[in-house]
Amino acid sequence: MTDVSGDTHGVYGITVAAELTGLGEQTLRLYERKGLLTPARTAGGARRYSDRDLTVLRRTVELLADGLNLAGARRVLDLEAANALLRLRLAELTD
DNA sequence: CTTCTAACA
DNA sequence: TGTTAGCA
């Protein structure tokens with residue numbers, strides 16, 4: 025897709041993503057296994073984190089600090105994503 | 001870089 | 001339950 029907003033495939037390796045978020049690499053893999061995010065993969069199977077993924081990770085840190093567990097954070101993340109989509113559709117109707 | 005196992009709070 | 005260390 026034509027990616028004007030740009031944050032969808034900003035590419036970082038897991039080491040960089042861990043540094044940028046203050047999380048451990050193992051933790052990032054756990055979050056993926058729990059379904060909090062799904063980073064892209066290289067041909068060799070290495071994770072590729074976009075700026076979008078980093079935003080999700082920072083959100084996750086915030087939600088965990090608020091006392092949610094990973095399952096709860098996952099649900100909030102899903103709802104926020106769905107909400108953002110609805111907002112876009114609403115904007116199309118109101119402009 | 002990956003997955004997996006085990007230990008700990 | 002979530003994180004971390006070590007191994008293959």
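Heads up, the first sequence is in this note's numbering, so the first residue is 25 and it goes up one at a time. Every residue gets a Cβ at the ideal spot worked out from N, C-alpha and C, and that includes glycine. As the structure is a prediction and not an experimental result, all values here were calculated from the model.
Residue i to residue j span [Cα, whole Å]
i    : j    : result
D90  : A108 : 21 Å
H33  : N93  : 28 Å
V100 : V85  : 12 Å
T51  : G68  : 21 Å
G53  : R83  : Here the sequence assigns Arg to residue 53, which means Gly is not the residue at that position. Using only the alpha carbons, I get a separation of about 16 Å.
Y55  : L103 : 17 Å
L60  : D119 : 33 Å
D31  : G48  : 22 Å
Three-state secondary structure (DSSP) of residue i
i   : result
A64 : strand
Counted within 10 angstroms of its Cβ, other Cβ atoms place residue i as buried (16 or more) or exposed
i    : result
A95  : exposed
D77  : buried
V80  : buried
R57  : exposed
L88  : exposed
A41  : buried
L117 : exposed
A106 : exposed
T45  : buried
A2   : Residue 2 lies beyond the range of the chain shown here (25 to 119); nothing can be said about it.
Per DSSP, the bridge partner or partners of residue i
i   : result
Y36 : Y73
Mind listing, in chain order, the continuous alpha helix (DSSP H) runs of no fewer than 4 residues lying wholly within the stretch 70-111? 75-89
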